[in-house]
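J.:
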Amino acid sequence: ALLLLTAMIWGGTFIIVKASLAVLHPLAVIAYRFTLAFIFLFLIYRGEVRQNLRRSLRPGFGLAIILFLAFTAQTIGLKYTTPAVSALLTGLNVIFVALIEAFFYRKKLASPVLFGLLAATLGLAFITWPSAQVSLDPGIIPTIVCAVLFAWHIVATGRVVTKYDPKTITVIQFAFVAFFAWCSAPIWIQTFQFDFKIGGALLYLGIPATAICFFFQTLAQRHVPPVQTGVILATEPAFATLFSLLFGYEPLTWKLITGALFMISGLILSVLGESFKSEAGKLIA
-12 ALLLLTAMIW GGTFIIVKAS LAVLHPLAVI AYRFTLAFIF LFLIYRGEVR QNLRRSLRPG
48 FGLAIILFLA FTAQTIGLKY TTPAVSALLT GLNVIFVALI EAFFYRKKLA SPVLFGLLAA
108 TLGLAFITWP SAQVSLDPGI IPTIVCAVLF AWHIVATGRV VTKYDPKTIT VIQFAFVAFF
168 AWCSAPIWIQ TFQFDFKIGG ALLYLGIPAT AICFFFQTLA QRHVPPVQTG VILATEPAFA
228 TLFSLLFGYE PLTWKLITGA LFMISGLILS VLGESFKSEA GKLIA
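Take -12 as the starting number for the sequence shown in the numbering used here and just add one per residue.
1) Do the region 48 to 60 and the region 12 to 19 make contact, defined as three or more Cβ pairs closer than 8 angstroms?
2) Do you know how far the Cα of G187 is from the Cα of M(-5)?
3) Which residue wins for smallest C-alpha separation from L(-10), given the options S7, A138, F202 and R146?
4) Could you tell me whether the region 103 to 114 touches the region 230 to 247, using the rule of 3 or more Cβ pairs below 8 angstroms?
5) Between Q204 and L54, how many whole angstroms is the CB-CB distance? I'm expecting something under 8 angstroms.
6) So what does DSSP say about L192, is it helix, strand or coil?
7) Report the start-end ranges of each alpha helix (DSSP H) in the region 58 to 110 that is 4 residues or longer and not cut off at the edges.
8) For a test of the three-state rule: what should DSSP assign to L233, helix, strand or coil?
9) Using three-state DSSP, classify V10 as helix, strand or coil.
10) Shortest alpha-carbon distance to A71 belongs to which of V258, S252, F234 and I255?
11) Which of the three DSSP states, helix, strand or coil, is assigned to A143?
12) Starting from A172, trace the alpha helix (DSSP H) both ways and give me its first and last residue.
13) Is A165 near F21, with beta carbons less than 8 angstroms apart?
14) Could you check whether A74 and F249 sit closer than 8 angstroms to each other, using their CB atoms as the reference points?
15) Straight-line CA distance for F25 to V158?
16) Determine the contact status of F1 and A227, defining contact as a CB-CB distance below 8 angstroms.
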C-alpha cells in the first residue's frame, strides 16, 4: 500500500511541476523542492548524518551531480511537453538501467527485458511521432536525457549504498542538489522572486513527493520483494497520465492510450526480466 501511494504521489508531481513552471524558472523549482526535502530529512536523520557525514561526503557529492542534471533535464523538458509524456518518457529509466548494466558491467540482458525494450520503443513512437500539422515536441529530447541520467543514478546508487549509510547519502544528495540549483539559478534568472500562490505546490514537491516518498519506499522495501517494488513503482506513469487527463493537460487520443499501454507494459516486462535473471543466477549458484 505504501509503494502504491508513493507511485500515486510521484505521478501527481508532474502536473504540480507543470503548474509551477508557469510561474517559476525550472532551476527555481528544483532549488525550492530540494531545500525543503533536505531540511525535512535532515531533521529526521540528523543523528545518522552527523555520524556518517565525513566518509559519505564524497560519494554523496558525486551522486548529487547526476541527480541535479537529471532533475534539471526533466524539469526543462516538462516546461515544453505535457505531464503524461514527461512521466512516460522518464519511466524509460527502468530499461536504461538494464542497458547500462549490460554495456558497462557485462550483464546479459534477459529476454523479457528485450521484449520490454521493444514494447517501450513502440510506445515511444506512438506518443512522440509528430503529425503532419505538429512538429516534434521540444520537451522530448531533454526528457529522454533525464531518463538516461536517472538510470545512471540508480546504477551508481546501487553500488554506493552497499558501502555507505543510505540515509546519510540521500540527505547529502538533497543538500548538494539544492546548493547546485541556488548557485546556477542566478545565471539564468534575472529577478529571483517567490510567488506565494504556488507555495502549497512547492511544499507538496519538497516534502510528500521527495522526502516522505523516499521514507515510504525505504520502509516498504523491507517487507516487499524487489520485483513487486519495481512493478508497483512502474505504475507511476499511469497515475501521471490519469492526472494529466483529469486536469486538462492532455487530450485523450488513441495514440496516447496505445503508447501508454505499450510503454507501461515494457517497463513491467523489464522489471520482471531482471527479477527472473537474478532468481536464475541464485539457482545456478
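We treat Cβ as the ideally placed atom computed from N, Cα and C, and that holds for glycine.
No experiment lies behind these values; they were computed from the predicted model shown.
T.: A quick look at the data gives this:
1) Contact holds between the region 48 to 60 and the region 12 to 19, because three or more Cβ pairs, one in each stretch, are under 8 angstroms apart.
2) Going from the Cα of M(-5) to the Cα of G187 covers about 18 angstroms.
3) Residue F202 is the option with its Cα nearest to L(-10).
4) Counting C-beta pairs closer than 8 angstroms gives three or more between the region 103 to 114 and the region 230 to 247, which meets the contact rule.
5) About 15 angstroms separates the CB atoms of Q204 and L54; that is not less than 8 angstroms, and the two are not in contact.
6) In the structure shown, the three-state DSSP call for L192 is helix.
7) Those alpha helix (DSSP H) runs which fall completely within the region 58 to 110 and span 4+ residues are 70 to 77 and 80 to 92.
8) Note: L233 maps to helix in three-state DSSP.
9) Taken through DSSP and simplified to helix, strand or coil, V10 comes out as coil.
10) Cα-wise, what sits closest to A71 is F234.
11) The answer is helix: DSSP assigns A143 an H, G or I state.
12) Residue range P153 to W175 is occupied by the alpha helix (DSSP H) that includes A172.
13) It is a contact, given that the beta carbons lie within the stated cut-off.
14) No, these two residues do not count as a Cβ contact at 8 angstroms.
15) Going from the Cα of F25 to the Cα of V158 covers about 6 angstroms.
16) Yes, the Cβ-Cβ distance between F1 and A227 is below 8 angstroms.
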